[in-house]
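*Asks:* Per this note's numbering, the sequence shown starts with residue 29, numbered consecutively. My questions will all concern the structure given below.
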Amino acid sequence: MRISDDRYNRDRIRFDLALRFIRHEARTHTIRIWTGLTDDRIRKLYRSYFPANGGVARRRGKSPQLASFFLRTPRMRHETAVLASMCYLYGVMPQERVADAPRRMPCAQRGEALCGAYETYRRLVPTSRISLEHAIYLVTSLARGDELRPSHCADCWGLIVVDRFAVSGRRCRNCENWRHGKLLRR
Ligand SMILES: [Zn+2]
29 MRISDDRYNR DRIRFDLALR FIRHEARTHT IRIWTGLTDD RIRKLYRSYF
79 PANGGVARRR GKSPQLASFF LRTPRMRHET AVLASMCYLY GVMPQERVAD
129 APRRMPCAQR GEALCGAYET YRRLVPTSRI SLEHAIYLVT SLARGDELRP
179 SHCADCWGLI VVDRFAVSGR RCRNCENWRH GKLLRR
């Protein structure tokens with residue numbers, strides 16, 4: 029009885045997680061590696077819960093893979109910093125660097141934390157252009173540390189995301205704006 033209860037609970041967690049991923053328009057491949065469900069079960073979930081897709085886009089093909097996406101404008105750098113902060117607060121990020129992060133990070137428990145972080149982020153930044161697929165790229169890239177890395181604003185010590193070649197002393201958008209305004213008033 030206990031074994032079937034445990035199995036039921038495990039399945040329930042994986043199904044609930046898959047539904048959250050589907051709502052955030054994650055790709056089937058992504059859902060499979062984070063939940064451990066087969067493609068066939070994911071397809072059945074789509075059909076059962078989103079007949080005629082119910083406004084949920086189903087994406088195919090490759091996941092986004094571009095570190096520069098996160099740093100290209102001050103607004104994107106700010107949104108990336110907010111999302112990364114949520115991921116650290118929700119315990120999505122590992123304690124140490126993970127060289128093979130795309131393979132070693134996905135699991136249902138971390139997936140739940142990731143959805144929690146992403147959903148809170150979307151409430152804070154409702155007009156965000158960062159998808160859940162991008163969020164996954166961001167957390168694995170930060171965990172690897174070979175393209176993007178976490179850093180601190182030189183003024184307020186808030187979390188910012190920089191590329192691995194960035195010199196220290198960078199500032200967050202708010203501190204940058206504040207300094208700029210102060211210089212203009214002189
Ligand atoms: Zn700052």
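Don't be surprised by glycine CBs; every beta carbon is placed ideally from N, CA and C.
Confirm the yes/no value for this check: CB of R105, any heavy atom of ligand 1, distance under 8 Å.
*Replies:* Position 77 of the sequence shown, counted from the first residue, corresponds to residue 105. Because no heavy atom of ligand 1 lies under 8 Å away, the Cβ of R105 does not count as near it: no.
*Asks:* Would you mind working out which of A127, S96, D68 sits nearest D174, comparing C-alpha positions?
*Replies:* Within the sequence shown, numbered from 1, the residue matching residue 174 stands at position 146. When each option's Cα is compared against that of D174, the closest is A127.
*Asks:* Around the C-beta of T155, are 16 or more other C-beta atoms found within 10 angstroms, so that it is buried, or is it exposed?
*Replies:* One-based indexing of the sequence shown puts residue 155 at position 127. Burial call: exposed.
*Asks:* To the nearest whole angstrom, what separates the beta carbons of Y149 and M114, a pair I think is in contact under 8 Å?
*Replies:* The count along the sequence shown starts at 1 and reaches residue 149 at position 121. The count along the sequence shown starts at 1 and reaches residue 114 at position 86. About 5 Å; that satisfies the 8 Å criterion.
*Asks:* Tell me, to the nearest whole angstrom, how far the beta carbon of I50 is from that of L65; I am working on the premise that it is less than 8 Å.
*Replies:* Taking the first residue of the sequence shown as position 1, residue 50 is located at position 22. Taking the first residue of the sequence shown as position 1, residue 65 is located at position 37. At roughly 11 Å, the Cβ-Cβ gap does not stay under 8 Å, so I50 and L65 are not in contact.
*Asks:* Just verifying my parser: in three-state terms, what is the DSSP assignment at D174?
*Replies:* Taking the sequence shown and counting its residues from 1, the one referred to as residue 174 is at position 146. Reduced to three states, the DSSP call for D174 is coil.
*Asks:* Using the C-alpha atoms, what's the distance from R207 back to A46?
*Replies:* Translated into positions along the sequence shown, residue 46 becomes position 18. Translated into positions along the sequence shown, residue 207 becomes position 179. Cα to Cα, the separation comes out at about 44 Å.
*Asks:* Note down, one range per segment and in chain order, each alpha helix (DSSP H) of at least 4 residues found wholly within the stretch 85-130.
*Replies:* Counting whole runs of 4 or more residues, the stretch 85-130 contains the alpha helix (DSSP H) stretches 102-117.
*Asks:* Spell out a yes or no on whether the stretch 116-135 and the stretch 172-192 are touching, meaning 3 or more CB-CB pairs, one atom from each, closer than 8 Å.
*Replies:* A contact exists between the stretch 116-135 and the stretch 172-192.
*Asks:* Is L152 helix, strand or coil by DSSP?
*Replies:* Your numbering for residue 152 matches position 124 in the sequence shown. Note: L152 maps to helix in three-state DSSP.
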